[in-house]
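Residue numbers (this note's numbering): 1270 to 1530. We put the CB at the ideal spot given by N, CA and C, even for glycine. Let me begin by presenting the structure, written as structure tokens, before commenting on it.
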Amino acid sequence: MQRVALGVCYRGQGYHGWQSQKDRRTVQDVLERALSEFAAAEVRTICAGRTDTGVHGLNQVVHFDAAVRREAASWVRGTNRYLPADVAVQWCVFPPADFHARFLARGRRYTFVLLESPVRPAVEAGSVGWVFRPLNLEAMQAAAALLIGEHDFSSFRSSDCQALSPVKTVRAIEISRRGAYWRFDFDASAFLHHMVRNIMGCLVAVGAGHRDLHWMAEVLAARDRSRAAPTFSPDGLYFNGPYYDAELAIPTRTAAMDWLP
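In structure tokens:
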């Protein structure tokens, strides 16, 4: 058996998230079918982080053990032959036999792209979030700064979250703008279910002037989901993937990352 690691890029609109579900179309299901076709044997994958319905993946890392041996380029091209147009393997490496896509990740990154416009998106529908009120950069940056560090993020946690602990370490939240498009970059040790979308709802509330910094601090301290803003749309949310110790040589970028604003 050979341990194989892949980087997978996908458009999330047509899927009920990453994780396999009965009678639902998921990214994991179409990937495993394609891998099984190419390997002529059943393949089951383990991912670095599950994404929700409608969320896109730019560098989802998965690993599996293969009974057949193929060149790295063959795993990429051969698997992609059996995948739909909105899912594609980007790279393949052969890590040590004890590599684990989820447990060895040192952190994970997400990006949210948001359109500020009086008119809803059309060409980019599903690829960006949308607000029609002007946003204040300085206010959102100050609110985001309150979330940096190790905190109990229960106020930003879905009731369906299965994480053992709500305590996570947010290492960075960077906010920038290019034209009408805002970009929010999140880096954390790990994320709770809906955590980024719930934070986005709060940042937009502050940026639009509906709430202030005092409220953001209260939300974090309350550890109560009912105190925060509604969960923001998954449109515009991208899983940039995990990162690992350098000696594992797991790629952290794909071409799709250069497509974002």
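Taking the C-alpha atoms as reference points, what is the distance between residue i and residue j?
| i | j | result |
| --- | --- | --- |
| Gly-1276 | Ser-1495 | 36 angstroms |
| Leu-1529 | Arg-1272 | 31 angstroms |
| Arg-1466 | Pro-1520 | 26 angstroms |
| Ala-1477 | Ile-1468 | 14 angstroms |
| Gly-1398 | Val-1312 | 35 angstroms |
| Val-1356 | Met-1464 | 24 angstroms |
| Ala-1497 | Tyr-1513 | 32 angstroms |
| Ala-1309 | Thr-1295 | 21 angstroms |
| Pro-1390 | Ala-1457 | 29 angstroms |
| Gly-1376 | Gln-1297 | 21 angstroms |
| Leu-1404 | His-1479 | 10 angstroms |
| Gln-1329 | Thr-1523 | 10 angstroms |
| Gln-1431 | Leu-1461 | 8 angstroms |
| Arg-1378 | Glu-1306 | 31 angstroms |
| Tyr-1284 | Arg-1293 | 8 angstroms |
| Glu-1301 | His-1483 | 47 angstroms |
| Ala-1354 | Ala-1491 | 44 angstroms |
Would you decide whether residue i is buried or exposed? Buried here means 16 or more other CB atoms lie within 10 Å of its CB.
| i | result |
| --- | --- |
| Arg-1280 | buried |
| Phe-1372 | exposed |
| Ala-1413 | buried |
| Val-1299 | buried |
| Ser-1428 | exposed |
| Glu-1385 | buried |
| His-1332 | buried |
| Lys-1245 | The chain is shown only over 1270 to 1530; residue 1245 falls outside these bounds and no answer can be derived. |
| Val-1388 | exposed |
| Ser-1424 | buried |
| Pro-1499 | exposed |
| Val-1392 | exposed |
| Ala-1486 | exposed |
| Val-1473 | buried |
| Leu-1433 | exposed |
| Val-1249 | Lying outside 1270 to 1530, the shown extent of the chain, residue 1249 is not represented and no answer is given. |
| Asp-1367 | exposed |
Indicate the three-state DSSP secondary structure (helix, strand or coil) for residue i in the structure shown.
| i | result |
| --- | --- |
| Asp-1454 | strand |
| Ile-1417 | coil |
| Ile-1468 | helix |
| Gly-1281 | helix |
| Ala-1274 | strand |
| Leu-1406 | helix |
| Ala-1366 | coil |
| Val-1475 | helix |
| Tyr-1516 | Reading off the sequence shown, one finds Glu at residue 1516, where the question assumed Tyr. Glu-1516: helix per DSSP, three-state reduction. |
| Ser-1423 | helix |
| Arg-1447 | strand |
| Arg-1496 | helix |
| Ala-1394 | strand |
| Ala-1441 | strand |
Following the continuous alpha helix (DSSP H) through residue i, name the residue where it begins and the one where it ends.
| i | result |
| --- | --- |
| Leu-1433 | Taken as a continuous stretch (DSSP letters only), Leu-1433 belongs to no alpha helix (DSSP H), as it is neither H nor E. |
| Gln-1288 | Counting along the chain, Gln-1288 falls outside any alpha helix (DSSP H), and DSSP gives it neither H nor E. |
| Thr-1348 | 1341-1349 |
| Leu-1300 | 1296-1308 |
Starting from residue i, follow the beta strand (DSSP E) in both directions and report where the run begins and ends.
| i | result |
| --- | --- |
| Asp-1334 | 1325-1335 |
| Gly-1398 | 1398-1400 |
| Leu-1482 | Segment 1482-1491 is the alpha helix (DSSP H) holding Leu-1482; no beta strand (DSSP E) there. |
| Val-1362 | 1356-1362 |
| Pro-1511 | 1506-1512 |
| Leu-1384 | 1376-1385 |
The region 1341-1350 / the region 1358-1366 touching (three or more Cβ pairs under 8 angstroms): yes
On the three-pair Cβ rule with 8 angstroms, is the region 1508-1515 touching the region 1315-1331? yes
Validate contact between the region 1512-1527 and the region 1436-1448 using beta carbons, cut 8 angstroms, 3 pairs: no
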